[in-house]
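Numbering (full-length UniProt numbering), first residue to last: 1 to 903. Where a beta carbon is used, it is the ideal one built from N, C-alpha and C, also for glycine. Model, not experiment: these values are computed from the prediction. Note sheet for the following structure.
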């Protein structure tokens, strides 16, 4: 909890669509440090948006001026932490009732609730309550006593006549704020104890509504609001509490008007498990007048939109996924086709929904178009694994409750109208089901024919799904039919430890399993479809399908447990990933290891084939997704967007989209950008060839001005150095000794034309040239040319001219830090790819200076190396004197006498 207050401006309209799915960030414009000396628990803004109230855990309430950011009122005296706040600025028409006349029309009150079960009413017009008046011990205008527990919600009708309060004592109290002298029973009881009598405007308790749950939030609906099953023109109150129920009550009658259906129409009778109350409870409940909805925020960080006109949930936002253990793509047959994306950088997802399994018993279904979520009940314990049928319509889930459930698409009245319904429950295992697999070849009706499940009881079961076709058709037309019980056709004890993964070959002839016992086992599948189709609701029986499977061979080679196995769609090989951080390819003919891929730094959790069996994609506990080239046995791409284990990995049917999810609660969608990058690389290559040809043509024509300007604008220091090097080599020896006088023949650099170009270079290009010279000067082989160019710049340009060039360059608009960081991330991700290299070159060729540079930075890079080069040349000159001396001695008679004696 915080003790500060921050002001955040909200955008007036939605931001335009961008290629990056990152939401816009909000930046606070004002911060009030240490607004309270204790954590702030509640806050409220006045109806006229001029005041802001905060309540803290030390029982102090402060009222702030929103525009000025200063405290206007301070209220003490609460018997515990402040738990609720509400401004009462009634708008009573001229001649309105209430007995107070003009005084009542000018009421400005603040109602506060606290853990002492009392509601206090403070008059904001009381001068003693204002901080500027010096009074901090002002007494409340009235104290409402009726609750016996923490008050969590307060609301008042716009005319100030009625008020409702709710608390954790499981009741909602209705008060007449303009009772004209009525007293509550509690006040009457206190008269004999010396308490003050009630004033003529003391609110009166007129109704007690028993809601049978601890109220955490409440509010009043406008009288004109249309609520299903309720008449208009009456005051209605909505409540939300610890049981996760959202209900609407008639304030004056005290009766229940409407109850929201909850998530996917789950009946309240199904929500009696007290263990889930803490996660299911409502923390806050808001009324949205634009959509005529109630928005409930729950303890499990889910946000649900409830329609008042239908009492159904229209949208659900998952605020926290917890640990994601599996994901899968789904396609609803009734969903409209995916419309083309307006952004070429964000390709479409070729499936309508995504199934997500977290450490929860509820199955989560996301719409890929709106990311609206549905929570599907059914399992009684955590879901561990998912698998989809070949057409991506059926889904099977395995759970810790020892069952596997088959889900089929259906329609409903909530949200976008598309959901899934359980049509079959496979019961028979005695431990948690950790792996499931559908048959890959569809039956006559297009659905899978059988199903395999693997459990911690070390067994694999084969289930007959042929009776499910009629059940699937019934589920699409009716939501009341109960799921059938498929028949187990075969059971085999397969491993000595937990079975982590199953997969079925594309021809439905083989099954592969991977286990913690370090083994990969291959089985032959024998399946005979039924001669007579079994009716819906029967698990097989007479005329049903027959099937079985037997062990063919074992692949041994992993040093630790096997987490994942997968068949190739094109070759007779199986890929396996293990806790030994390797991925192995196995030959199904002799069960030998063909290849081993190493690169992950932790357990490999998922593996799959892509690109017609030419590539592998893997995920691991190191938080990385890697793409492998099988032929070259190398990693060609590493995707990094997770901070913890990646348990789940799935790809779309056309392999254009990849899903990864894991223990960090992130669900990442990856799009295949190979074609886009290839087109960008081709465009860059064409542009590079054109630039190279233009540069060669300019040099051949000795059009040095255009050649130099082209090299500078395209940031090609190598070509520019070669040009200067060629020109410098053509200088006359006499020119090299001219230090103070300008060269008369070939100029300083070796070409008078290049001297003129340096003399007339624009300021921006001059700074680029000096940056190149600084880099060249750091290389001993390139330093001579760099010194010649530097000498030409200092000789032909004045100091004022050079300083002005740097000032002009630093005034250019620089790219934002976010763009710089994104570019750095892109460069890091693509550093091992040729496409990434092309992108780097393209970024370097942008007509910008990149990071700003000052004359000081330039000199700090030039002077040390220049001094080093000078010392080296000076040493060479000194050594040349010794050579001159030796040569002179040779001419003066060295070895002369010996030669004369010989003669």
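Around the beta carbon of residue 333, fewer than 16 other beta carbons sit within 10 angstroms, so the residue counts as exposed. As computed with DSSP, residue 798 is found in no beta bridge at all.
Per DSSP, the continuous beta strand (DSSP E) segment holding residue 606 begins and ends at 604-610. For the pair of segments examined, the segment 428-441 was found to touch the segment 388-404: the number of CB pairs separated by less than 8 Å reaches three. Residue 450 and residue 461 do not touch by the CB rule: their CB atoms are close to 10 Å apart, not below 8 Å. For residue 402, no alpha helix (DSSP H) run applies, since DSSP gives it neither H nor E. Contact check for residue 398 and residue 434: beta-carbon distance about 6 Å, within the 8 Å limit, so the pair qualifies. The beta carbon of residue 623 sits closer than 8 Å to the beta carbons of 640, 642, 643, 644, 645, 646, 662, 664 from its chain, once the five residues preceding and following it are set aside; these are given in chain order. Secondary structure of residue 889 (DSSP, three-state): helix. In this structure, the CA atom of residue 615 is about 43 Å from the CA atom of residue 305.
In the structure shown, residue 869 falls within a helical segment according to DSSP collapsed to helix, strand and coil.
In the DSSP annotation of this structure, residue 630 is not part of any alpha helix (DSSP H), being labelled neither H nor E. Taking a C-beta distance under 9 Å as the contact criterion, residue 512 and residue 597 do not qualify as a contact pair. Burial state of residue 856 is exposed, judged by a 10 Å Cβ sphere holding fewer than 16 other Cβ atoms. Nearest to residue 259 by alpha-carbon distance, out of 26, 881, 246, is 246. Cβ atoms of residue 141 and residue 109 come within 8 Å of each other, at about 7 Å. Residue burial is scored here from C-beta neighbours: residue 363 has at least 16 other C-beta atoms within 10 angstroms and is therefore classed as buried. In the three-state scheme derived from DSSP, where H, G and I count as helix and E and B as strand, residue 51 is classed as strand. Apart from the 5 residues on each side of it in sequence, residue 595 sits with its Cβ closer than 8 Å to the Cβ of 584, 585, 630, 633 in its chain, given in chain order. Note on residue 8: under 16 other CB atoms within 10 angstroms of its CB, so exposed under the neighbour-count rule.
For residue 776, the three-state secondary structure derived from DSSP is helix. Comparing alpha carbon positions, the residue from 284, 715, 747 closest to residue 728 is 747. Taking the C-beta atoms as reference points, residue 282 is found nearer than 9 Å to residue 299.
Within the same chain, and ignoring the five residues on either side of residue 795 in sequence, the residues whose Cβ sits closer than 7 Å to its Cβ are 748. Taking C-beta separations shorter than 6 Å and ignoring five residues to either side along the sequence, residue 225 has no partners in its chain. The beta carbons of residue 223 and residue 174 sit no closer together than 9 Å. Distance between residue 239 and residue 151, taken at the CA atoms: about 13 Å. Residue 671 is bridged by DSSP to 657. In the structure shown, residue 600 adopts coil according to DSSP, grouped into three states. Annotated as distal: residue 35 and residue 55, with beta-carbon spacing of 9 Å or more. Ranked by how close their Cα comes to the Cα of residue 549, the residues 515, 421, 508 have 508 in first place. As a beta-bridge residue in DSSP terms, residue 118 pairs with 145.
Here residue 751 is buried: its Cβ has 16 or more other Cβ atoms, across all protein chains shown, within 10 Å.
By the Cβ-count criterion, residue 617 is buried, with 16 or more other Cβ atoms from all chains shown falling within 10 Å of its own Cβ. Looking at the backbone, the Cα of residue 755 and that of residue 792 are separated by about 7 Å. Per DSSP, the unbroken alpha helix (DSSP H) holding residue 722 starts and ends at 717-729.
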